[in-house]
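If you read the sequence shown in UniProt numbering, its first letter stands for residue 1, the second for the next number, and so on. Note that the Cβ used here is the ideal one computed from N, Cα and C, for glycine as well. Being a predicted model, the structure only gives us computed values, none of them experimental.
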Amino acid sequence: MDLLSRKPNHRRKRKDILKDKLKDTESMYEDQKMKAKEYVKRRKSEIKECYDRRLSENFRVNQKLFWYMAKKAQNNSETSCVHVNKDEDGHLLNKENNVKERWKNNFESVFAREDTVADDNVTATGYIIDDGNVTEIKIDKIIKALKRIKVGKAAGYDRVSSEMLRGGGGIVASLL
1 MDLLSRKPNH
11 RRKRKDILKD
21 KLKDTESMYE
31 DQKMKAKEYV
41 KRRKSEIKEC
51 YDRRLSENFR
61 VNQKLFWYMA
71 KKAQNNSETS
81 CVHVNKDEDG
91 HLLNKENNVK
101 ERWKNNFESV
111 FAREDTVADD
121 NVTATGYIID
131 DGNVTEIKID
141 KIIKALKRIK
151 VGKAAGYDRV
161 SSEMLRGGGG
171 IVASLL
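Here it is as structure tokens:
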């Protein structure tokens, strides 16, 4: 009788041991899985920063890389946007607020110019015609118009290409 009672106890102990080993293995698996995810995420961000840096450092020299990145950003606009911009001193800006501020300053410097007249005897008078058709332009319309811009066209006087405007999305629309 003692022999018969030992077998179920032995089986139960063995089953408990296997459960403990399984829990240990599962926790070890989860830890390794998290480490792998962190490594992949870190590596992807390093590669992205490397591409962004290469693109911003020698844009004029390596136009093929620029158009490759622009096409990649067009196909996958959420993950492949260029997140690096240079300030006036040539330092790289990669924080979102710094990049927004740089774009704001750039647009202000491009579009804020004073109209001066060479002759002092000339007087200019401006007239505002109020016909009641003035309405505020909504951001939705701006974003829709940005999406309709043709790509691959030459940049204008302000040297802002259509790809830059389209890639900026809501940030650029809010500044316009």
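In three-state DSSP terms, what is residue i?
i	result
Lys86	strand
Does the distance from the C-beta atom of residue i to that of residue j stay below 8 Å?
i	j	result
Ala73	Gly167	yes
Leu22	Lys104	no
Lys100	Ile171	yes
Rounded to whole angstroms, what's the CA-CA distance from residue i to residue j? Just pull it up for me.
i	j	result
Tyr39	Ser45	10 Å
Asn98	Leu92	10 Å
Ala137	Met28	First, the amino acid is wrong: residue 137 is Ile here, not Ala. Between Ile137 and Met28, the C-alpha separation is close to 56 Å.
Val110	Lys144	24 Å
Glu15	Asn9	Note on residue identity: the sequence assigns Lys, not Glu, to residue 15. Each residue's alpha carbon lies about 10 Å from the other.
Lys141	Phe107	20 Å
Ser56	Trp67	12 Å
Asp20	Lys33	20 Å
Tyr157	Arg42	39 Å
Glu26	Arg11	22 Å
Arg159	Gln63	15 Å
Glu30	Leu18	18 Å
Thr79	Lys13	Interpretation of Thr79 is limited by its pLDDT of 49, a score under 50 that renders its predicted location unreliable; no figure is taken from the coordinates.
Ala36	Thr135	53 Å
Ala154	Val61	17 Å
Judging by CA-CA distance, which residue of the options is the nearest neighbour of residue i?
i	options	result
Ser162	Lys141, Lys71 and Asp87	Lys71
Cys50	Asp89, Gln32, Ile142 and Met69	Met69
Lys147	Gly169, Asp158 and Thr135	Gly169
Assuming residue i contacts residue j (C-beta within less than 8 Å), just tell me the rounded distance between them.
i	j	result
Leu65	Arg53	That pair is no contact at about 11 Å.
Leu165	Ile149	6 Å
Arg102	Asp87	6 Å
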